[in-house]
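Written out below as structure tokens is the structure these notes cover.
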Amino acid sequence: MKRTISILIANPLSLLGVVLVATVVLSALFADFIAPFPEHRGAVVDFANFNKAPEWPYIMGTDLVGRDIFSRILYAYRISLILGVVVLAIAVPIGVTVGLVAGYFGGWTEYVLMRITDIFLSIPPLVLAMSIMGVLEPTLANGMLAVTVMWWPWYTRLVYNITRSEREEGYVLAAEVIGASPLHVIFREILPNCVPAVVTKMTLDLGFVILIASSLSFLGLGVQPPTPDLGSMVADGAKYLPDSWWLTVFPGLAILVAVFGFNLIGDALRDILGADQ
Amino acid sequence: MMPIARLLSKRLGTSLLVLFGVSMLIFAIARIIPGDPARIALGPNATTEQVAALRAALHLDDPVWIQYGYFLGDLLRGDLGVSLYTNRPVTTDIAQFLPATLELVFVAGFMMVAIGLPLGILSARYRGGIADNMVRIVSLLGVSAPSFVWAVILMLIFAFYLPLFPVAGRISDSYSIQAVTGFLLVDTLIAGNFRAFGNAAWHIVLPAFALALSGIGQATRLTRANMVETYERPYIEMARSYGFPGKRIANRYAFKPSLIPSLTIIGLDFAAMLGNAFLVEAIFAWPGLSRYGVAVILRKDLNAIVGTVLIISATFLIVNIIVDLLIAFINPRIRLSQRSS
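Laid out in structure tokens, this is it:
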């Protein structure tokens, strides 16, 4: 762990990743203190200052009802991060367990579980999440549900592939010979060998969950106003391009910065932990 | 040829099974809609009798599995039902909007291969150097933003500030092209109108590139990773000791084994692009499935939602079968008993 961190900081690219992610997380945590206009996260209207180009004190300009875009981005980060953590906290255990079971038992169990996984994987992720969101009320909790439903199969695939190759390794066979139960073999012997790959994927995915969630709200199927959300900010501003460019460019760059940060760290972790795709 | 025919029939069978599963899944999702779809379709002014009549016509009062039976029976006859939003058969609607989306996705897929693979080769050949690091940063940036953000950025730079490309649409209004395939790049050629072809190609560059960027990033990274591994192999060392030029070693010997995993990822990315096309279409006012798809979802138009998702999944499965066949064709020792994943 210590070694991993010191390697992360030594490489300029992954150091940049650490800095970006730290900035995003800290600004989300301390949004109440950093945001120049904390009240602008809600349904505030200030027509005297609407649609202003970036100028002090509105460093990223104001939106069509006069709210400070910088403040809204900080609060949008908060919601995005919560969503990312919750989605992974539910999707990863489900996906990993299914992958372990399918890979270990093989036969009919494998066939049925993996075909179900295939079904989920053969609907484009965004389309699946869209159709789930379409039938549910657009709330934050339902957004999490929709993204979770499309996310677990990727972990199943990853863990299934590892389990299949570990299944015939000496240490697994040895454990079975001395009478270890399947439960022990799966969770105590095989699972630890999946951890590096799963952790790497989780780091990358925190960024990608933010990305998909913003895509949903861009289409109007995510968190509803007045709650600040990066995707819907881009969608609302896109009609006013190119004149009011700040309405779209800053929220768009905000997504890019956060996801890029997680990608830089995940990429470096993949090299360090030697985890495969 | 025999093993490939066997592979094809096996993959077709599995794909049909998966498609059957998709239809069940999406049907189940569409039927848990809160509220009465018949009431939503007819609007608040309809009488109770009218709503009841539509419910009966749509079999909404039967149990779900009976409804699914009706649906499956219609599906086998190529009937996806009538859209409650446009009042036309869903198949007609999809046939109208799908070609524009597919055209966009195919061009983006082409860009992904034509740009991503060479960049990956370059990166692996000069690994650790400046070119490698530049490519690494660019490919990471590519996957780090949703395609609608790239669409906005590309549009601002290359359509507004530098007016090189058009801002919206598929083709200028002055051209009228007879629709044969629905693919404008093909139809203009069939009509023999090369100016129109150029115009359509000019329109598709920016949206397709915005859509392709994340795929380019992934294809690059994967090709690089696989080639770096291949470079450690003894046969590369032997090629070096023979004094073969670096370019030939990279393009011929190191690249070939890396092509197979790259192709697999390209197949998967195709699925992502079919979804992401919705985002790019919204920015560039591309007349594809996007507006229709979002509209039917917001209006809880059951038949149209199920039909759209089913067609998109079928397209994805077909592309993946093609990718699998390509891989089987390239790789002589492919393990036919196993699904490559």
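Protein chains in written order, with this note's numbering: chain S, 1103 to 1379; chain V, 4 to 344.
Cβ atoms here follow ideal geometry from the backbone N, Cα and C, with glycine treated the same way.
Can you check whether the C-beta of G1163 (chain S) is within less than 7 Å of a C-beta belonging to chain V? With 7 Å as the cut-off, G1163 (chain S) does not count as an interface residue toward chain V.
Who does T1164 (chain S) pair with in a DSSP beta bridge? S:D1170, per the DSSP bridge assignment.
Among the residues of its own chain, which have a CB less than 7 Å from the CB of I321 (chain V), if the five just before and after it don't count? Within the same chain, I321 (chain V) has no close Cβ partners at all.
At a Cβ threshold of 7 Å, is V141 (chain V) touching chain S? Chain S, which has no Cβ nearer than 7 Å to the Cβ of V141 (chain V), makes this no.
Give me the Cα-Cα distance between S179 (chain V) and F100 (chain V), rounded to the nearest whole angstrom. Going by the C-alpha atoms only, they are around 17 Å apart.
Between A1337 (chain S) and F1352 (chain S), which are expected to be in contact by the criterion C-beta below 8 Å, what is the C-beta distance as a whole number of angstroms? F1352 (chain S) and A1337 (chain S) do not touch by the CB rule: their CB atoms are close to 14 Å apart, not below 8 Å.
L165 (chain V), buried or exposed, once every other Cβ within 10 Å from all chains shown has been counted against 16: The C-beta of L165 (chain V) has fewer than 16 other C-beta atoms within 10 Å across all chains shown, which makes the residue exposed.
Please state whether the Cβ-Cβ distance between V93 (chain V) and L83 (chain V) is less than 7 Å. Taking 7 Å as the Cβ cut-off, V93 (chain V) and L83 (chain V) qualify as a contacting pair.
Cβ atoms of M115 (chain V) and A215 (chain V): under 7 Å apart, would you say? Taking 7 Å as the cut-off, the Cβ atoms of A215 (chain V) and M115 (chain V) count as close.
Spatial neighbours of L187 (chain V) within its chain, please: C-beta separation below 7 Å, excluding the five flanking residues on both sides. The residues are E106, R173, I174, I180 and A203.
C-alpha gap between L1166 (chain S) and F1289 (chain S), whole angstroms: Going from the Cα of L1166 (chain S) to the Cα of F1289 (chain S) covers about 54 Å.
Using only the alpha-carbon positions, how far apart do G1119 (chain S) and L262 (chain V) sit? Each residue's alpha carbon lies about 30 Å from the other.
Of all the CB atoms in chain S, is at least one closer than 7 Å to the CB of A49 (chain V)? It does not: the Cβ of A49 (chain V) has no partner Cβ on chain S nearer than 7 Å.
Going along the chain, which residues of its own chain have a beta-carbon closer than 7 Å to the beta-carbon of S1173 (chain S), five neighbours each way excluded? Apart from sequence neighbours up to five positions away, the residues of its chain that approach S1173 (chain S) with a beta-carbon distance below 7 Å are A1137, P1138, F1139, P1140, H1142 and R1143, ordered along the chain.
Flag this pair as yes or no: are the beta carbons of I1357 (chain S) and A148 (chain V) separated by less than 7 Å? Yes. Within cutoff.
Would you kindly report the start and end of the unbroken alpha helix (DSSP H) that includes W1347 (chain S)? Counting along the chain, W1347 (chain S) falls outside any alpha helix (DSSP H), and DSSP gives it neither H nor E.
Backbone CA spacing between V237 (chain V) and M1252 (chain S) [nearest angstrom]: A quick correction: the sequence has Pro, not Val, at residue 237 (chain V). Cα to Cα, the separation comes out at about 42 Å.
Looking at chain S, is there any beta carbon in it that lies within less than 7 Å of the beta carbon of S265 (chain V)? Interface with chain S (7 Å Cβ-Cβ cutoff): S265 (chain V) is excluded.
When the cut-off is 7 Å and only beta carbons count, does F1172 (chain S) lie next to chain V? Using a Cβ-Cβ cut-off of 7 Å, F1172 (chain S) does not count as an interface residue toward chain V, since no Cβ of chain V sits closer than that to its own.
Under a Cβ-count criterion, where at least 16 other Cβ atoms within 10 Å of its own Cβ denotes burial, should L120 (chain V) be classed as buried or exposed? Buried, since its Cβ has 16 or more Cβ neighbours within 10 Å.
Report all residues from its chain with a CB closer than 8 Å to the CB of V108 (chain V); omit the five preceding and five following residues, and keep chain order. Hits under 8 Å: L214, F273, M276, L277 and A280.
Taking only beta-carbon positions, decide if T1305 (chain S) is within less than 7 Å of chain B. The structure shown has no chain B; the protein chains it does contain are S and V.
Would you be able to state if there are at least three C-beta pairs under 8 Å between the stretch 1250 to 1266 of chain S and the stretch 1298 to 1306 of chain S? Proximity of the stretch 1298 to 1306 of chain S to the stretch 1250 to 1266 of chain S meets the contact definition, three or more beta-carbon pairs being nearer than 8 Å.
R1259 (chain S) - containing alpha helix (DSSP H), residue span: First-last of the alpha helix (DSSP H) with R1259 (chain S): L1242 to E1268.
Nearest candidate by alpha-carbon position, reference R130 (chain V), set V:Y234, V:R14, V:A317 and V:G246: Looking only at V:Y234, V:R14, V:A317 and V:G246, the smallest Cα-Cα distance to R130 (chain V) is reached by V:Y234.
So, for G291 (chain V): in the same chain, excluding its five sequence neighbours on each side, which residues have a beta-carbon less than 6 Å away from its beta-carbon? The residues are F100, A103, T104 and E284.
Can you pull the chain V neighbours of P1227 (chain S), defined as C-beta to C-beta under 7 Å? Correct list: A275 and G278.
In chain order, what residues of the same chain have a beta carbon less than 7 Å from the beta carbon of D64 (chain V), not counting five sequence neighbours either side? If the five residues before and after D64 (chain V) are omitted, its C-beta is found closer than 7 Å to the C-beta atoms of R58, all from its own chain and listed in chain order.
Is I1280 (chain S) close to chain V, meaning its C-beta is less than 7 Å from at least one C-beta of that chain? No, its Cβ sits nowhere closer than 7 Å to a Cβ of chain V.
Within 7 Å, strictly: CB atoms of N45 (chain V) and D304 (chain V): The residue you asked about is not Asn; residue 45 (chain V) is Leu in the sequence shown. Going by C-beta atoms, L45 (chain V) is not nearer than 7 Å to D304 (chain V).
Beta carbons nearer than 8 Å to chain V: which residues of the stretch 1261 to 1279 of chain S have them? So the list reads N1263, given in the order they occur along the chain.
Thinking just about the alpha-carbon of each residue, which of V:I207, V:F332 and V:L192 is nearest to the one in P260 (chain V)? For P260 (chain V), the nearest C-alpha among the options comes from V:F332.
Just confirm the distance between the C-beta atoms of T1329 (chain S) and I1181 (chain S), as a whole number of angstroms; I'd bet it's less than 8 Å. About 7 Å separates the two Cβ atoms, so the contact holds.
Alpha carbon of A288 (chain V) to alpha carbon of A1112 (chain S), nearest angstrom: Rounded to the nearest whole angstrom, the CA to CA distance from A288 (chain V) to A1112 (chain S) is 45 Å.
Excluding the 5 residues preceding and the 5 following I252 (chain V) in the sequence, name in chain order all residues of the same chain whose CB lies nearer than 8 Å to its CB. The answer, listed in chain order, is I239, A242 and R243.
DSSP state of R338 (chain V), grouped into three classes? Unreliable placement is indicated for R338 (chain V), whose pLDDT of 49 sits below 50; no coordinate value is reported for it.
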